[in-house]
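Numbering (this note's numbering), first residue to last: 37 to 862. We treat Cβ as the ideally placed atom computed from N, Cα and C, and that holds for glycine. Notes for the one structure printed next.
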RNA sequence: GCGAGAGUGGUGGAACGGCAGACACGCUAGACUCAGGAUCUAGUGGGCAUUACGCCUGUGGGGGUUCAAAUCCCCCCUCUCGCACCA
């Protein structure tokens, strides 16, 4: 008997699929389905995480094609980014060369996995015909007032002379040279994502197809809080300190105010007071610390008096104004009111500096005494010490006090978000250039559409030190102002790569369009993505940015979609021995190894079988062996009967005169088909779908071992056909091979998903369980569909049951049709 | 601290409130073999039995609802992930 050799077979079918352009998107106007896996950064090698996400997507895509959908299933490359520049510096290879070589290598690996992508729609974000449209979209944002420049405090490495992202600051030092990171004010480009904060939050409710935890993470990230803005006039000045609070009901409990170190009033108001030097020293010390340090848990709360006092706008009381290291300039208005009695942080701060504690909210039936309090009382209660508001429940007082403030011109309701505008400038070469020209007369001017793309010059020099090579490239820098024709200077910063990945799923719908990023017709034909699949690590950044882009594109009339991804599957990690795979732990298993040793089908099967897709998966070499064995077992089974099956004709099948074994076999295989269909379609439970196929195979082996029933060719033909069809999405190469061996012409992947024969599932007899007081005391085989009365009758007429029930009082009898009988006796 | 999720055999994992442990790994035995780490068949939660198609027990712990709970409710423990001075 022939043995299955996956390597030759897989290569053969991959070649066949490619030569026949098999997986080109079918646009026959059938019901569409867009299945998408997050595109990779071309690092050069696929890892198991990639293999997992692509396998999941591929099973879905193949299944849905067989279900009759027009499926869009594309792949591309998130190809801009820092590693390419590091490679340039370290190995003197141009980022483009490095990137494209990596893409070729990874594409080869993807093809070796048998993934059914439409390669005609491949997109590469670093290709000029892609980033041309990234730039075009930037200008769309710019024209709509959603891209702007402002000074921002950024992490700065003095030795490398470059900006660092927050993630690139390790323990306060530069990740590359270890130098202590400072902060610096720089003019940078931002996208006004905060304009969309409310819609991004609100529309999370529409995303019922997303995992709850991802929605919650985004909700926290947007961080909406509702409260009031309150103005505190400064004594002896016309200045006011603006404060944001979620608890305006505690206004009469304010005993001090605190400004952020960066707050412009901190220097201004201390000037000329005895506190001036102390404040300056404190501010300098605080501002030297990076944001990372300042937000860390070990940060000790400190503050210093400014010498100024502010007046409570309702009580008229004057309270001291301090500067504190724990107040963030970037949130609210950079100043807070201190209510020690009703805020734990304020309580601790007040105790430390001997500031007074005044109770203004009292819990029902209890009196708080400031001198006895060991912690703040933050819950609801009734107001006191609050003049005309005394006696109001705190929840009502929030509105009442806010209204009063608004009437007096000292504030009003306000909503703030934790979300900040998106800083997109990067002082790097390998990204999409920001298409802006600076003109002394006109300011920042958009590069005209006809001049796009602003191409990255190839002839650049990379040096260690981090300075973007663009800023010293004379030909690139030089530009004429598009507005006035005068001399201009080109922007040398490039865009954050997250911009490139915020719209790529639109481009797939119309990948070759050279007049627009995509047409409305094509994007509306395919978008939104029906099923998006990727790692949880993108739960916030990529997914939030993409949602933002989609809403802006929608507002600009470029798409009908308001959300990009209808359903999201956050797949789990691939671990080994309970730990993340990593070189340092030496527990890495590469897809290449698995393909070389067992074939892609085995790897795919294992990765799907070992755990449900959203859970972490522990790699097991023995488990892989098991899957390999299973596929070989299927091969042997089909080989054994292939001749027999090929002889069958349609008429033979009609002539079936089924015996018990035949009925049982058909039932087993159709039951498996039913389960596989439901498991893929409704729940993505590929692990149980595969186990159902295994059961069908076991049933087929059992049938062949059946003595005396004969081997029924027509039934075997039907069952083996179904088996191969069921296997097709999971093990595409083996299924294709077996399909041919069974004598079918054409590809298994062009077949329709088979229908379950309901009559095959019918059973004549069922085994029911008889319980006494909830414990199983017997089993009976009875005709299916028996009435409850008849079931009970059967149960009582059983000798053993009768014996056990004899002489006891029957309290209750429950019968669940075709399942069980429970007799409650005493 | 807040939020989300999870705790089931030696292992990965199954179970619309209705026979816990499907399927697979591992292990044991048998068959086939010169031999097998190949293949096929059977067994396999734990304990007590083995005259039995037998009894007891069992889904992190403790309560509850129910004829019936891994599943629903309450309390507690442990683990994983996210957020964490956000005023």
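Simplified DSSP state of residue i, which is helix, strand or coil
i, result
"residue 536", "helix"
"residue 713", "helix"
"residue 158", "coil"
"residue 673", "helix"
"residue 566", "strand"
"residue 690", "Any reading at residue 690 must be qualified, since the residue scores a pLDDT of 45, below 50, and its modelled position is unreliable; no value is offered."
"residue 480", "strand"
"residue 738", "helix"
"residue 324", "helix"
"residue 526", "strand"
"residue 374", "strand"
"residue 518", "coil"
"residue 88", "helix"
"residue 639", "helix"
"residue 294", "strand"
Between the CA atoms of residue j and residue i - distance to the nearest angstrom
i, j, result
"residue 129", "residue 505", "14 Å"
"residue 158", "residue 109", "10 Å"
"residue 839", "residue 854", "23 Å"
"residue 374", "residue 302", "16 Å"
"residue 386", "residue 274", "27 Å"
"residue 240", "residue 448", "28 Å"
"residue 290", "residue 392", "9 Å"
"residue 365", "residue 252", "25 Å"
"residue 743", "residue 731", "Residue confidence is low: residue 743 scores 48 on pLDDT, short of 50, so the model does not pin down where it sits. Its coordinate-derived value is still stated next. Distance between the alpha carbons of residue 743 and residue 731 is about 20 Å."
"residue 735", "residue 709", "13 Å"
"residue 263", "residue 189", "27 Å"
"residue 654", "residue 626", "14 Å"
"residue 72", "residue 567", "6 Å"
"residue 755", "residue 664", "22 Å"
"residue 810", "residue 842", "17 Å"
"residue 411", "residue 403", "14 Å"
"residue 760", "residue 723", "17 Å"
"residue 480", "residue 399", "57 Å"
"residue 459", "residue 337", "29 Å"
"residue 614", "residue 623", "10 Å"
Test item: CB-CB of residue i and residue j under 7 Å
i, j, result
"residue 489", "residue 168", "yes"
"residue 564", "residue 99", "no"
"residue 769", "residue 150", "yes"
"residue 233", "residue 453", "yes"
"residue 89", "residue 97", "no"
"residue 817", "residue 834", "no"
"residue 341", "residue 311", "yes"
"residue 465", "residue 133", "no"
Neighbourhood of residue i by C-beta, 7 Å cutoff - its chain only, sequence neighbours within 5 removed
i, result
"residue 77", "114 and 117"
"residue 757", "778"
"residue 94", "151 and 152"
"residue 880", "Because the chain is modelled from 37 through 862, residue 880 falls outside the range shown and cannot be assessed."
With 16 other Cβ atoms within 10 Å as the buried cut-off, status of residue i
i, result
"residue 434", "buried"
"residue 10", "This structure leaves residue 10 out entirely; the chain is present only between 37 and 862."
"residue 350", "buried"
"residue 712", "buried"
"residue 824", "exposed"
"residue 52", "exposed"
"residue 415", "exposed"
"residue 484", "exposed"
"residue 550", "exposed"
6 Å CB neighbourhood of residue i in its chain, flanking five on each side removed
i, result
"residue 690", "Below a pLDDT of 50, predicted positions are generally treated as unreliable, and residue 690, at 45, falls in that range; the measurement from the model is reported next regardless. Once the five neighbours on either side are set aside, residue 690 has no close Cβ partner at all."
"residue 40", "668 and 671"
"residue 882", "This structure does not reach residue 882, given that the chain is present from 37 up to 862, and the question cannot be answered."
"residue 476", "none"
"residue 527", "470 and 472"
"residue 831", "806, 837 and 857"
Nonlocal neighbours in the same chain, by C-beta distance under 8 Å from residue i, ignoring five residues either side
i, result
"residue 659", "642, 645 and 646"
"residue 60", "154 and 156"
"residue 493", "506, 509, 511 and 512"
"residue 235", "587"
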